[in-house]
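Beneath this line is the structure, given in C-alpha cells, with notes to follow.
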Amino acid sequence: MNFLNAKPIDRRTFLRGTGACLALPWLEAMMPRGAFAASSPEVVPRMGMFYFGTGMNMRQFYPEGFGPDAKMSRILKPMENHRGNFTVLSNTWLNEGGGHDGAYPFATSIARGEKQTISPDQLAAEIHGKHTRFPSLQFSVKRGTGFGSQVLATISWNRQGVPLAAENDPQTIFNRLFKPNSEEQQARQGDEFRQRGSVLDAILTDAKQLEGKLGQADRRQLDQYFNSIREVEQTLKREIDWADRPKPTPNLKGYGDYENAPTPEGNGKFVYDTYAKLMYDLIALAFQTDSTRVISYVVRTELAGGVYPEFGVSKGYHELTHHGNDPKNLEELAKVDTIYMKHWSYFLDRLASIQDGDGSLLDHTMLGFSSGMGIGHSKDLLPTVLSGGGRLGINHQTHLELKEQTPLASVWHTMIDKMGVPTETKYQDSTGVIGELVG
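Position 58 of the sequence shown, counting from 1, maps to 57 under numbering that gives the first Met the number 0, and the rest follow consecutively.
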C-alpha cells in the first residue's frame with residue numbers, strides 16, 4: 000500500500016463492536032498525505048487551571064536559586080523527575096487576594112462582591128469548545144459553586160459573571176464522559192430536549208414583548224438576560240448535536256475503580272490518595288479522548304478541609320496556616336503541601352506517559368496552579384507553578400524570578416495566548432505575556 004497517497008484516517012475514528020466503541024490513539028495513518036516527509040501532525044493545545052486554597056508554606060516552597068538548575072525545595076522535591084517540564088514563578092501577586100476571599104479574584108482579578116467577568120478558561124473554551132463534546136469541565140473537591148461564601152467551589156465564570164458549578168464525584172464524572180446511554184435514557188433525553196426547547200421559545204417570546212415597554216437601564220438588564228438564554232440555547236444545541244455520537248471508551252488498564260469511587264462527602268471508606276489519583280486520571284482521560292481541551296479544578300477550598308486522617312497531622316489545614324511561627328505547625332504544613340505535590344507529580348507522570356501526536360500529552364497541555372494567598376494569608380508571593388506545554392512554546396526554567404508583584408493574570412494571559420485566544424492589549428490586570436516563558 001502506498002501510504003503517501005492513502006486517505007488519512009479521521010482523528011476521531013472509533014472502533015465499534017457489540018454496543019461499545021473504543022477511541023483510537025494517535026496513529027501515523029491519521030496524518031495528511033505527505034506528512035511523513037513534510038510536517039508534524041496537528042497540535043491540539045489544552046489547558047488546566049488549578050486552585051489550592053489557603054496558600055502553602057512558602058518558607059519551604061520556592062526552589063533554591065533560579066534557572067534550570069535550581070535546587071528543589073522540600074515541598075517540590077516530588078517533582079524533581081519532571082525538571083524541564085515545569086517552572087516555579089516567584090513574585091506572583093493578587094491585588095484583590097489575601098484573606099479567605101482569594102478564590103474569587105483567582106481567575107478574573109475581580110474581588111468578591113464585585114461583578115465578575117469571564118474567566119480565562121472560558122475564553123479558551125469559546126474557541127476550542129466548538130470541537131469537543133464538552134466546551135470545558137469544572138472539577139472540585141466540593142460540588143456546586145459555593146457562590147456567596149468563602150468556600151468557593153469553582154474558579155470558572157461565564158461572560159455574564161455567573162459561576163459555573165463544579166463536580167466532585169469521580170463516578171459521576173466518569174459516567175458523563177464515557178458511559179453510553181441506554182435506550183431508555185436516550186428516549187428520556189430526547190423528551191427533555193424538546194421540553195427545554197419549548198420553554199426557551201416561550202420565554203423569548205414573552206421577553207421580547209416586554210422590550211418595547213422598558214427604559215434604557217431595563218433594556219440593558221434584559222439584554223444580559225437574553226445573553227444568558229442564548230447560552231442555554233447553545234448548550235441545548237450542542238447536547239442535541241452530540242447526543243447520537245458514541246462516547247469514547249478509553250483503555251482503563253492501570254487506572255482506578257470508578258464504579259466504586261467514594262466522594263469527599265461519602266462514607267468512612269474515603270481515602271484522599273485514591274480520590275486524588277482518580278480525579279487527576281479523569282483529567283488525563285478527558286484530554287486524551289479530546290472530550291474537552293479546557294478544565295478547571297479546585298483541588299483544595301478555602302477554610303474547609305484540606306487535611307485527611309491518613310496525612311498524619313494534628314490540625315486542619317486552615318488551623319495550621321495560623322502557625323504563629325510554631326515549628327510543629329510549620330513542619331506539619333510543609334508535610335501536607337508535600338503530599339499534594341506528590342499527587343501533582345503523579346498527574347504529570349500520567350500525562351507524560353500518554354503519546355499525543357509528536358510528543359506526549361504533557362507536551363501539549365499547559366497546567367497552571369496557584370492560590371489566593373501565600374503564607375500568613377498574604378496576597379503576595381503566591382505558590383505558582385506552570386507545568387507542561389513544551390511543544391506549545393513554553394520554555395521551562397525550573398525557577399523564574401519575576402518582577403515584584405507580577406499579577407497572577409499574567410500567567411493566565413500567557414496560557415491563553417498559547418491556546419490561540421486573541422486578547423485585548425489590556426487583559427485583566429496582566430502586565431503582558433511572560434516573555435521569559437515564551438521567548
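Note that the Cβ used here is the ideal one computed from N, Cα and C, for glycine as well.
Model, not experiment: these values are computed from the prediction.
Q) If you draw a straight line from the C-alpha of E330 to the C-alpha of Y61, how long is it? A) Answer to the nearest angstrom: the Cα atoms are 16 Å apart.
Q: Compare the C-alpha of S89 against each of S148, S370, K425 and V420 and name the closest.
A: S370
Q) Can you tell which of M71, A106 and K141 has its C-alpha closest to the C-alpha of G305? A) With distances taken between Cα atoms, G305 lies closest to K141.
Q. So, are the CB atoms of I365 and I338 less than 8 Å apart?
A. One detail in the question is off: residue 365 reads as Met in this sequence, not Ile. No, they are not a contact pair.
Q. Mind checking D68: buried by the 16 CB within 10 Å criterion, or exposed?
A. exposed
**Q.** the segment 127-134 contacting the segment 284-294, beta-carbon criterion three pairs below 8 Å
**A.** With contact defined as three or more Cβ pairs closer than 8 Å, the segment 127-134 and the segment 284-294 are in contact.
Q.
Can you tell me whether G373 is buried or exposed? The criterion is at least 16 other CB atoms within 10 Å of its CB, across all chains shown.
A. buried
Q: Drop a sphere of 10 angstroms on the beta-carbon of W241, count the other beta-carbons inside from all chains shown, and report buried for 16 or more, exposed for fewer.
A: Per the 10 Å Cβ criterion, exposed.
**Q.** First and last residue of the uninterrupted alpha helix (DSSP H) at M414
**A.** Here the alpha helix (DSSP H) through M414 covers A408 to K417.
Q) Given 8 Å as the limit, is there contact between the segment 341-360 and the segment 385-392, that is, 3 or more CB pairs closer than that? A) yes
(Q) I'd like to know whether the C-beta atoms of A303 and L277 end up nearer to each other than 8 Å. (A) no
Q: Pull up the CB-CB distance for L436 and T413, whole angstroms please, since I reckon it's below 8 Å.
A: Contact flag correct, Cβ pair sits at about 6 Å.
(Q) Quick test of your reading: A106 and V420, contact by CB under 8 Å. State the CB separation rounded to the nearest angstrom. (A) With 8 Å as the limit, A106 and V420 do not qualify as a contact, their Cβ atoms being about 14 Å apart.
Q. Is the distance from the Cβ of A152 to the Cβ of G145 below 8 Å?
A. A152 is a Cβ neighbour of G145, given a cutoff of 8 Å.
Q.
Looking at M78: is its Cβ nearer than 8 Å to the Cβ of W343?
A. yes
Q. Does DSSP put D325 in a helix, a strand or coil?
A. coil
Q) What first and last residue would you give for the alpha helix (DSSP H) that runs through F177? A) P169 to F177
Q. The beta strand (DSSP E) spanning M278 covers which residue range?
A. Not the beta strand (DSSP E): M278 falls in the alpha helix (DSSP H), residues Y271 to Q287.
(Q) According to DSSP, simplified to helix, strand and coil, what is M0? (A) Confidence in M0 is poor, its pLDDT being 40 and thus under 50, which makes the residue's placement unreliable; the coordinate value appears in the next sentence. Residue state, collapsed to three classes: coil.
Q) Using CA coordinates, which residue listed in A285, G311 and K246 is at the minimum distance from Y271? A) Y271 has its Cα closest to that of G311, out of A285, G311 and K246.
Q: Check P119 in the structure and name its three-state DSSP category.
A: helix
Q: Determine the closest residue to F85 out of F368, I415, K378 and G434, with distance taken between C-alpha atoms.
A: Ranking the options by Cα distance to F85, first place goes to F368.
Q. If A333 sits next to Q121, beta carbons under 8 Å apart, how far is it from one beta carbon to the other, in whole angstroms?
A. In fact, because the Cβ distance is near 34 Å, the residues do not count as touching under 8 Å.
(Q) Please state whether the Cβ-Cβ distance between V361 and Q287 is less than 8 Å. (A) Here residue 361 is Leu; the residue named in the question, Val, does not match the sequence. Cβ distance not < 8 Å, so L361 and Q287 don't count as in contact.
Q. DSSP three-state call for Y439: helix, strand or coil?
A. There is simply no residue 439 to check, as the chain begins at 0 and stops at 438 in what is shown.
**Q.** Of the listed residues N80, G54, K70 and R73, nearest to M386 (C-alpha basis)
**A.** Before going on, a small fix: residue 386 reads as Ser here, not Met. Taking only the C-alpha atoms, the option nearest S386 is N80.
Q. Looking at T383 and L350, is the spacing between their C-beta atoms short of 8 Å?
A. Cβ distance not < 8 Å, so L350 and T383 don't count as in contact.
(Q) On the criterion of 16 or more Cβ atoms from any shown chain inside 10 Å, does E309 qualify as buried, or is it exposed? (A) Answer is exposed; the Cβ neighbour count stays below 16.
Q: For L134, I'd like the list of residues in its chain whose CB is within less than 6 Å of its CB, leaving aside the five on either flank, ordered along the chain.
A: What sits at residue 134 in the sequence shown is Pro, not Leu. Once the five neighbours on either side are set aside, the close Cβ partners of P134 are A124 and G128.
Q. How long is the line joining the alpha carbons of L75 and E63, rounded to whole angstroms?
A. 11 Å
Q.
Which residue wins for smallest C-alpha separation from F138, given the options E423, D379, L281 and K327?
A. L281
(Q) Can you look up C20 in the DSSP assignment and give me helix, strand or coil? (A) For C20, the predicted structure reports a pLDDT of 49, less than 50, and the residue's modelled location is therefore unreliable. The matter cannot be settled from this model.
Q: Output yes or no for whether 8 Å exceeds the beta carbon distance between Y50 and A110.
A: no
Q: Could you have a look at I338 and say whether DSSP puts it in helix, strand or coil?
A: helix
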